[in-house]
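Quick note on our numbering: the sequence shown kicks off at -1 and runs consecutively. Following: one structure in structure tokens, then a few remarks.
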Amino acid sequence: MMTTIYAVYLIAALDITWMFLQVSVTPYLAKKLGFDTLWFGYLQTTVGVIQLIGGPMFGRFADLFGARTALSLACASTVVFFLLLATADTPAMLFIHKIPTIFMHVLPASQMVVTDLTKPEKRADALSKLGLCFGIGMIVGSTLGGQLSKLYGEKFTACFGAAGSAFSLLLVLKFIPQNTKAETTRDDNRRKSVFNLSEITRLMKFPTVMQTFIIKIVAGLPSGIFQVMFSIIALEFFKLQPEQNGYLMAYFGIVQMVIQGGVIGRLTARYSDNSLLLLSIGVSSFVGLAQAYIQNVWQFCFNILPMMFSLSVFNVITDSILTKSVPSSDTGTMLGLCASVQSLLRTVGPTIGGFLYMNYGISSIGLIQFFVNIAVFVYLLQRRLNKTAEQRK
């Protein structure tokens, strides 16, 4: 079991490496092809729409056909994605190369395997280790991508990503078992369809699921806007070159590694999920306020520390709450729905972010994050105080 979990961690780290390799290619290739901020936003929105459709279906597919098949499909799609990126020499091809992202859900599939193989009380800590893998991939991918793009160009970097994704596929076939769920769970699932919408929406009826989803969307939208706009902000506001952008992303990764590997596990062992959720939203509100007044990249680097803390805790805790709220037979579908929330943010985020950035500047994105998150924080705090008062009575 531990061999499988360690293999999943390695596969996830490699997948994030290849994805951040792509971050060193796409914005600069788009600029060469004549994309402005608005059209780059449309490109990001396209990815969001595709993955919004694919996320729940992929999660259901993973529950029905097993971890190895799901991860194999995701890695194979990533190979195609990079090969299309390497041949993208027109604006149309840059849009077409995003089509395979409908199946590119390595991280949710990895989360499903970890969820299936860990006890509920250890789940948040185990999921946070995937965040540690994310940090490693961010550092290696950003640094490597910046260097490869600088020395050999975008096409070579994309081909390198395709070769790396093929290696990830071989690891899946070698180390991941066909199924990670209990036998009775698999028997029940085999009688159900990937495209059964009622089986997907049924999960929303479990206690706390709908409320947690709404919080995940509302509180996550402002920070999601900043994330999808960051490549443009780095290029236009901070005036970073590909190599410098790679170093900044590596710094992101180092901070995330420390938080995911050394902080979240200790916090989840001492505090409840609801307390940590409240903390992450509170910190996020003040991160937004700080972003509104950032003037240079050095100030931004200082703000990255609380930003990565709030994002990491928020994502790990909400995923943990949601997977604990449903039967083990549906963890893949639930994690697919969690991924679709991120896709939803990427769908509406570029359009909203592009409008705000072009008309009101970077400060508007930070101020919206502050006001939205402080409102959610007050709402959750009030509910918690009311619940405590009722229990005392």
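We treat Cβ as the ideally placed atom computed from N, Cα and C, and that holds for glycine. Here the structure is a predicted model, which is why all the values come from computation and not from measurement.
- Closest option to Ser75, judged by alpha-carbon separation, among Phe101, Glu388, Leu309: Phe101.
- Annotation for Met110: the continuous alpha helix (DSSP H) segment containing it runs 104 to 115.
- Classified as buried, Ala84 has 16 or more neighbouring CB atoms from the shown chains inside 10 Å of its CB.
- Taken through DSSP and simplified to helix, strand or coil, Val47 comes out as helix.
- For Lys148, the uninterrupted alpha helix (DSSP H) run begins and ends at 121 to 150, by DSSP.
- Here Gln389 carries a helix assignment [DSSP, helix/strand/coil].
- DSSP, reduced to helix, strand and coil, places Ile372 within a helical segment of the structure shown.
- Contact between Val376 and Ile213 does not hold, since the beta-carbon distance rounds to 13 Å and is not under 8 Å.
- Burial check for Leu168: the Cβ neighbour count within 10 Å stays below 16, so the residue is exposed.
- Counting the other CB atoms within 10 Å of its CB gives Gly129 a total of 16 or more, which places it among the buried residues.
- In the three-state DSSP reduction, Leu238 falls in the coil class, being neither helix nor strand.
- Taking Ser166 as the centre and dropping the five residues before and after it, the same chain places the C-beta of Ile9, Leu12, Asp13, Trp16, Cys73, Thr76, Val104 closer than 8 Å to its C-beta, in chain order.
- Around the beta carbon of Leu274, 16 or more other beta carbons lie within 10 angstroms, which makes this residue buried.
- Remark: C-beta atoms of Ile134 and Met255 approach each other more closely than 9 Å.
- DSSP places Ile174 outside both helix and strand once states are collapsed to three, so it counts as coil.
- Taking 9 Å as the cut-off, the beta carbon of Met247 is found closer than this to the beta carbon of Val21.
- Taking the Cα positions, Cys131 is about 6 Å away from Tyr7.
- The beta carbon of Val324 sits closer than 6 Å to those of Leu201, Phe204, Met332, all from its chain and outside the five residues before and after it, given in chain order.
- The C-beta of Asn294 has fewer than 16 other C-beta atoms within 10 Å across all chains shown, which makes the residue exposed.
- Distance from the CA of Ser229 to the CA of Phe369, rounded to the nearest whole angstrom, comes to 24 Å.
- Taking the CA atoms as reference points, Leu31 sits about 27 Å from Ile363.
- In the three-state DSSP reduction, Phe228 falls in the helix class (H, G or I).
- Relative to the Cα of Leu354, the nearest Cα in the group Ile223, Asn371, Leu320 belongs to Ile223.
- In this structure, the straight-line span from the alpha carbon of Asn243 to that of Ser126 is close to 25 Å.
- Between the region 145 to 163 and the region 78 to 98 there are three or more C-beta pairs closer than 8 Å, enough to call the two in contact.
- The C-alpha of Trp37 lies about 17 Å from the C-alpha of Ala232.
- If you draw a 10 Å sphere on the C-beta of Met208, you find fewer than 16 other C-beta atoms in it, and that means exposed.
- Distance from Glu152 to Tyr358 at the Cβ level is roughly 32 Å; contact not present, criterion being Cβ atoms closer than 8 Å.
- Check the Cα spacing between Ser282 and each of Asp317, Ile252, Leu303, Thr178: the tightest is with Leu303.
- Every alpha helix (DSSP H) of 4 residues or more that sits fully in the region 7 to 60 is shown, in chain order, as 24 to 30.
- Ala86 sits in coil when the DSSP states are folded into three classes, being neither helix nor strand.
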